[in-house]
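*Asks:* What follows is a structure written as structure tokens; I'll ask about it next.
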Amino acid sequence: MTGGAPAGQASARAAPTLAGARCLVLGGGGFLGLNLCNRLAAAGAEVTCFSRSHPQPEALDRRVARMTGQFSDRLAIANAVERQDIVFHLIAGSIPESSNRDPSAELEAAPIATLHLLEICRSARVKKLVFSSTGGAIYGIPRAIPISEQAPTDPISAYGISKLMIEKSLYLYRHLHGIDYQILRIANPYGRFQLGTKHQGLIGSYIYRILSGLPLEVWGTGEVVRDFLHIDDVSDAFLAATAYDGPHKVMNVGSGMGLSVNQVIAELERAFARDSLPCVHKPSRAADVPANVLDTALIRSELGWHPQVPLRDGLIGTIAWMERFLAQTQSSDVPPKTKGA
1 MTGGAPAGQA
11 SARAAPTLAG
21 ARCLVLGGGG
31 FLGLNLCNRL
41 AAAGAEVTCF
51 SRSHPQPEAL
61 DRRVARMTGQ
71 FSDRLAIANA
81 VERQDIVFHL
91 IAGSIPESSN
101 RDPSAELEAA
111 PIATLHLLEI
121 CRSARVKKLV
131 FSSTGGAIYG
141 IPRAIPISEQ
151 APTDPISAYG
161 ISKLMIEKSL
171 YLYRHLHGID
181 YQILRIANPY
191 GRFQLGTKHQ
201 GLIGSYIYRI
211 LSGLPLEVWG
221 TGEVVRDFLH
231 IDDVSDAFLA
241 ATAYDGPHKV
251 MNVGSGMGLS
261 VNQVIAELER
271 AFARDSLPCV
281 HKPSRAADVP
291 ANVLDTALIR
301 SELGWHPQVP
311 LRDGLIGTIA
321 WMERFLAQTQ
331 SSDVPPKTKG
341 A
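FYI, in UniProt numbering the residues of the sequence shown are 1 to 341.
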């Protein structure tokens with residue numbers, strides 16, 4: 001990992017110009033945020049990365065300014081928002097499965113802090129807020145596949161309810177105060193900077209476990225179907241959303257194609273040139289919907305966006321990044337006197 005330029009497919013893309021636009025990325029130290037900050041910087045924006053911590057500081061483009069603070073700290077958020085043109089809200093409470101252990105904590109955190117953020121954005125006259133919502137948890141158990149933006153929103157996790165509450169708050173503040181916003185309901189992204197050490201991001205987690213010599217955890221039969229897309233395609237959608245001023249405030253961002261967990265494992269076996277990968281099967285989880293594949297017709301027609309990174313290419317690039325990351329991490333853990341021995 002080197003600072004100064006995004007790695008992988010993003011470096012080969014022609015970025016839309018955002019020259020001189022002041023952009024704040026809340027949650028910029030995470031997987032989505034790091035990639036977005038680098039992409040915005042490449043497009044000429046003046047970028048500020050706000051995060052409670054910066055676990056991969058060397059991954060961030062050197063042109064990006066850094067701020068550290070808690071989303072619940074109104075003064076810190078007000079200082080970060082001051083003089084910004086566009087605010088990207090990428091902060092999430094937890095993950096679907098763990099959010100159901102303490103729903104009240106989940107529903108008290110990000111939604112309330114977002115209301116404070118909206119008040120701050122109103123006072124600061126921010127031009128636009130782009131929110132990273134969930135294309136999976138917000139719909140719950142689908143009645144039809146693929147899932148359009150008009151489908152019922154019946155989350156079966158507190159995480160999904162939290163995201164829906166934030167979406168409704170954005171609508172309210174536009175109605176009351178005219179704050180412009182765009183909601184992107186994102187499927188299951190993967191790619192560089194996804195550490196794979198947490199129970200979030202199936203592909204990143206699996207690649208990390210394979211390279212660490214650990215078995216893959218399969219919840220249930222492995223026939224749960226999800227919609228996976230590369231992080232470069234997600235970053236492209238964020239940038240396209242900044243210039244959109246049409247009537248559709250909610251858009252799905254996905255590949256439009258479903259893969260079961262078992263199919264993902266088969267793709268990884270091919271990418272790693274393995275006959276088989278060891279797996280450990282665990283009971284199904286209550287927060288897992290059986291299938292989730294997003295209908296992306298709206299974003300294709302309104303923004304001209306479509307996914308460009310084929311799964312096989314994305315997996316190979318992600319594996320290469322994770323190999324470098326683990327090698328660098330292991331090297332930095334060695335005491336200085338024994339390095340290179």
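C-beta atoms are modelled at their ideal positions from N, C-alpha and C, and glycine is treated no differently.
Compute the beta-carbon to beta-carbon distance between valine 87 and leucine 26, rounded to the nearest angstrom, for a pair I have assumed lies under 8 Å.
*Replies:* Counting from 1 along the sequence shown, the entry for residue 87 is found at position 87. Counting from 1 along the sequence shown, the entry for residue 26 is found at position 26. Indeed, because the Cβ distance is near 7 Å, the residues count as touching under 8 Å.
*Asks:* Using 8 Å as the threshold, is the region 213–225 in touch with the region 53–62, meaning 3 or more CB pairs across them?
*Replies:* no
*Asks:* What does glutamate 217 pair with, by DSSP beta-bridge criteria?
*Replies:* Within the sequence shown, numbered from 1, the residue matching residue 217 stands at position 217. DSSP lists Val280 as partners of glutamate 217.
*Asks:* Between the region 172–186 and the region 17–25, do three or more beta carbon pairs fall short of 8 Å?
*Replies:* no
*Asks:* So the candidates are Ser205, Ala109, Pro189; which of them puts its Cα closest to the Cα of leucine 229?
*Replies:* Position 229 of the sequence shown holds residue 229. Among Ser205, Ala109, Pro189, the Cα nearest to that of leucine 229 belongs to Pro189.
*Asks:* Taking aspartate 236 as the reference, give the member of Pro57, Val224, Thr134, Gly254 with the closest Cα.
*Replies:* Residue numbering aside, residue 236 sits at position 236 when the sequence shown is read from its first letter. Nearest C-alpha to aspartate 236: Gly254.
*Asks:* When you compare only the Cα positions, how much space is there between serine 162 and tyrosine 206?
*Replies:* One-based indexing of the sequence shown puts residue 162 at position 162. One-based indexing of the sequence shown puts residue 206 at position 206. Using only the alpha carbons, I get a separation of about 27 Å.
*Asks:* Please name the residue, chosen from Met257, Leu268, Thr153, that lies closest to residue 383 on a Cα-to-Cα basis.
*Replies:* Absent from the model: residue 383. The displayed extent of the chain is 1 to 341, so no value can be given.
*Asks:* Looking at the secondary structure, which residues open and close the alpha helix (DSSP H) in which aspartate 232 lies?
*Replies:* By 1-based counting over the sequence shown, the position of residue 232 is 232. Aspartate 232 -> alpha helix (DSSP H) spans 231–242.
*Asks:* Helix, strand or coil: which one does DSSP assign to glycine 82?
*Replies:* Sequence index remark: in the sequence shown, residue 82 carries index 82 (1-based). Inspection of the sequence shows that residue 82 is occupied by glutamate rather than by glycine. In the structure shown, glutamate 82 adopts coil according to DSSP, grouped into three states.
*Asks:* Assign proline 335 to one of three DSSP states: helix, strand, or coil.
*Replies:* Position 335 of the sequence shown, counting from 1, holds the residue named residue 335. Residue confidence is low: proline 335 scores 45 on pLDDT, short of 50, so the model does not pin down where it sits. Its coordinate-derived value is still stated next. Note: proline 335 maps to coil in three-state DSSP.
*Asks:* From the DSSP secondary-structure annotation, give me the bridge partner or partners of cysteine 37.
*Replies:* Taking the first residue of the sequence shown as position 1, residue 37 is located at position 37. Answer is none; cysteine 37 lacks a bridge partner.
*Asks:* CB leucine 164 to CB proline 155, shorter than 8 Å?
*Replies:* Looking up residue 164 in the sequence shown gives position 164. Looking up residue 155 in the sequence shown gives position 155. Yes, they are a contact pair.
*Asks:* Starting from threonine 68, trace the beta strand (DSSP E) in both directions and tell me its first and last residue.
*Replies:* Looking up residue 68 in the sequence shown gives position 68. Residues 65–68.
*Asks:* Taking the alpha carbon of leucine 75 as the point to measure from, which residue in Val126, Ala113, Leu107 has its own alpha carbon closest?
*Replies:* Locating residue 75 in the sequence shown gives position 75, where the first residue counts as 1. Ranked by how close their Cα comes to the Cα of leucine 75, the residues Val126, Ala113, Leu107 have Ala113 in first place.
*Asks:* If you draw a straight line from the C-alpha of methionine 251 to the C-alpha of valine 81, how long is it?
*Replies:* Residue mapping note: residue 251 aligns to position 251 of the sequence shown, counting from 1. Residue mapping note: residue 81 aligns to position 81 of the sequence shown, counting from 1. Distance between the alpha carbons of methionine 251 and valine 81 is about 25 Å.
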